[in-house]
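Peer 1: One structure coming up, written as structure tokens, with questions to follow.
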Amino acid sequence: MTFPLPFAPRRIAIGANAHAGIAESIRARRADLELRGKLFTDISADDLDWAEAYIGFKRPPSVSDMGNVRWIQCTGAGVDSWMASHLDPQILLTRSPESFGPMIAEWAVSRIFAIQLQLLELAEAQRERRWEPRDIARVAGTRALVVGTGDIGRAIATSLRALGVHVTGVSRSGTADRTVFSAVHPSSELGDLVGNADWIVVAVPDTPASRGLISRRVLARCNGAVLLNAGRGSVVDESALPHALDQGWLRAAALDVFATEPLPADSPLWSDPRVMVSPHISGLTTIEGAADGFLECLESLERGELPKWAVNRERGY
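In numbering that gives the first Met the number 0, the protein residues as written are 0 to 316.
In structure tokens:
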């Protein structure tokens, strides 16, 4: 897209739970900016008619368009909520440069240990006052397949390697940092790789290329792996998971993202003891990260440069 530069917005609307903290952090460094913050559900058409720029993870639900806003700073790394909202192509969309990798890596490692060390089963035995010795296998020496080798995938791979896990990466191009991954393959080879993995960790955003990547056909080629999804729900054929678990293609799953969020109450994933559900909290935006990302992009725009974090609408990131 062609965006008129330089661009120096002064009226900024913030739609976020932590809007007050984000505004305070920005105001401390840029007193020249006018800031108006609310919960994103409370942002009105009047707010967007007033604003020249908007900070938030998704479009406010009570508005039909973005009013006078010419630039949106998404507070997350994934911008699928904006891409799905039929955003005016003349609006500049940028994403957060905050690194969510370390936090998501902790999420993945915690689930891997919980499953491998059978912590949920032991907690249930404790509640029932059952002394139940069992065999516990080590995490070291197992094999992980990390789908997505960007910032998040690299952080996950680094953490798993430190635990003695053999880590293979999968990316669209088949290239990545070989100091982190033992091997890297293109996503076209995914079906040939999953059968050798103990852990399949999904860390890709929602893009046209990633939707349905973990299909029923791919799941059928797994050999008792554990699936962990911290990418997006659209990447995995969610409807196939109960069958995959029943057939032994998967032995367990840890899911932080879903095709529909919140996860519907009638989803069988809620009650399946082989599934660990978390409510899209594996990588959370911080107040400082949201403020820093906005100011970094703003300074680029004021210099007449397109920000490094401008989203390519065709790729989806």
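Here a beta-carbon is modelled for each residue, glycine too, at the ideal position from N, C-alpha and C.
(1) Assuming A107 and A229 make a contact with CB atoms under 8 angstroms, what is their CB distance in whole Å?
(2) Let me check understanding here. Comparing Cα to Cα, which of A22, S266 and R171 lies closest to V203?
(3) What would DSSP say about T93, mapped onto helix, strand or coil?
(4) For A104, which residues from the same chain have a beta carbon less than 6 angstroms from its beta carbon, with the 5 sequence-adjacent residues on both sides left out?
(5) For T284, count neighbouring C-beta atoms within 10 Å of its own C-beta (all shown protein chains included) and say buried if the count is 16 or more, exposed if not.
(6) Assuming S233 and D255 are in contact, meaning their beta carbons sit under 8 angstroms apart, how far apart are those beta carbons, in whole angstroms?
(7) With a threshold of 6 angstroms on Cβ separation, who are the neighbours of D205 within its own chain once the five nearest residues in sequence on each side are excluded?
(8) Where does A161 land, buried or exposed, given buried means 16+ other C-beta within 10 angstroms?
(9) Ignoring anything shorter than 3 residues or poking outside the region 46 to 75, list the beta strand (DSSP E) runs there in chain order.
(10) Residues in the same chain with beta-carbon distance under 8 angstroms from S63, minus the five sequence neighbours each way, listed in chain order, please.
(11) What do you reckon, are the CB atoms on I280 and W198 nearer than 9 angstroms?
(12) Name the one or two DSSP bridge partners that N228 has.
(13) Output yes or no for whether 9 angstroms exceeds the beta carbon distance between F39 and L91.
(14) Where S238 and E298 are concerned, what is the direct C-alpha to C-alpha distance, given to the nearest angstrom?
(15) Could you pull out every residue in the same chain whose Cβ sits closer than 6 angstroms to the Cβ of K57, ignoring the five residues on either side in sequence?
(16) Can you give me the start and stop residues for the beta strand (DSSP E) that P8 sits inside?
(17) Which residue wins for smallest C-alpha separation from Q246, given the options V235, A258 and N222?
(18) Going by the beta-carbon positions, is the gap between R94 and V274 smaller than 9 angstroms?
(19) Given that a residue counts as buried once 16 or more other Cβ atoms are within 10 Å of its Cβ, and exposed if not, what is R177?
(20) Considering only residues of the region 84 to 169, which uninterrupted beta strand (DSSP E) runs meet the minimum length of 3 residues and lie entirely inside it, listed in chain order?
(21) So what does DSSP say about V217, is it helix, strand or coil?
Peer 2: Well, looking at it:
(1) 6 angstroms
(2) R171
(3) strand
(4) A154, I155 and S158
(5) buried
(6) That pair is no contact at about 14 angstroms.
(7) D79, R231 and S233
(8) exposed
(9) 52 to 55 and 70 to 72
(10) A44
(11) no
(12) V201 and L254
(13) no
(14) 45 angstroms
(15) S80
(16) No beta strand (DSSP E) contains P8, which DSSP labels as neither H nor E.
(17) N222
(18) no
(19) exposed
(20) 91 to 93 and 142 to 146
(21) helix
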